[in-house]
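Numbering (the working numbering), first residue to last: 1 to 218.
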């Protein structure tokens, strides 16, 4: 019997602990400010790779949730609730990225939905809210066409992705301690090889999800 697979109207990447062979195992979660363990769900493949490389998370790989994530294993441990931390960029202050325990801090929103049991007929339909929030972030840092970069990263090979990740880390200003209050968020522009910053209110916003049968309209 096939395992029900996560489906979403927006592509999202998770961090999976690698198992034997090509199998994937545990998915990385974060204990957020609302007191729940939420699955890290990255809009950007590059952001996910930066977290792995800069945060010392050994044994994890960035993979599409739609390829590897069985929501039911998570739902059984969270009373049927699916909690996603939608990650877009990193916490920053005074045009420098912030670190907590020498780890960069992904920024984003908490998205929650009570599902019970995930079936093949389920998917997350985000409507226009989340795409509009993301585009507003790209506009604020001056990267209006940033989604085009995200689309390109979806298709590059591992070696090219490694190169982009190294470029982002090399171009990163010296990080600050998280004792500073996050006042900005940062995105890496691979075209210009630079970090872009803008004022942030991303840390506590919540995106509302709607669960619809596969193929239904948004």
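Using N, Cα and C, we set each Cβ at its ideal position, and we do this for glycine too.
Proximity below 8 Å, CB of residue 184 to CB of residue 114: As a working note, residue 184 is residue 184 in the chain shown. As a working note, residue 114 is residue 114 in the chain shown. Contact: no.
C-beta atoms of residue 164 and residue 190 nearer than 8 Å: Against the chain shown, residue 164 aligns to sequence position 164. Against the chain shown, residue 190 aligns to sequence position 190. Contact flag set, yes.
Between the CA atoms of residue 55 and residue 95 - distance to the nearest angstrom: In the chain shown, residue 95 corresponds to position 95, counting from 1. In the chain shown, residue 55 corresponds to position 55, counting from 1. When rounded, the distance between both Cα atoms is 20 Å.
According to DSSP, residues forming a beta bridge with residue 199: Here residue 199 refers to the residue found at position 199 when the chain shown is read from its first residue. Answer by DSSP bridge pairing, in chain order: 184.
Spatial distance of residue 177 from residue 99 (CA atoms): Along the chain shown, read from residue 1 onward, the residue named residue 177 stands at position 177. Along the chain shown, read from residue 1 onward, the residue named residue 99 stands at position 99. Computed Cα separation, rounded: 5 Å.
Where residue 48 falls, given that 16 or more other Cβ within 10 Å makes a residue buried: As a position in the chain shown, residue 48 is number 48, starting the count at 1. So residue 48 counts as buried.
Residues bridged to residue 12 [DSSP beta-bridge criterion]: Working through the chain shown from its first residue, we reach residue 12 at position 12. Paired residue(s): none; residue 12 is not in a bridge.
Span of the alpha helix (DSSP H) around residue 50: Position 50 of the chain shown, counted from the start, is the residue given in the question as residue 50. Taken as a continuous stretch (DSSP letters only), the alpha helix (DSSP H) holding residue 50 covers 45 to 54.
Cβ pair count under 8 Å reaching 3, the region 150 to 166 against the region 77 to 88: no
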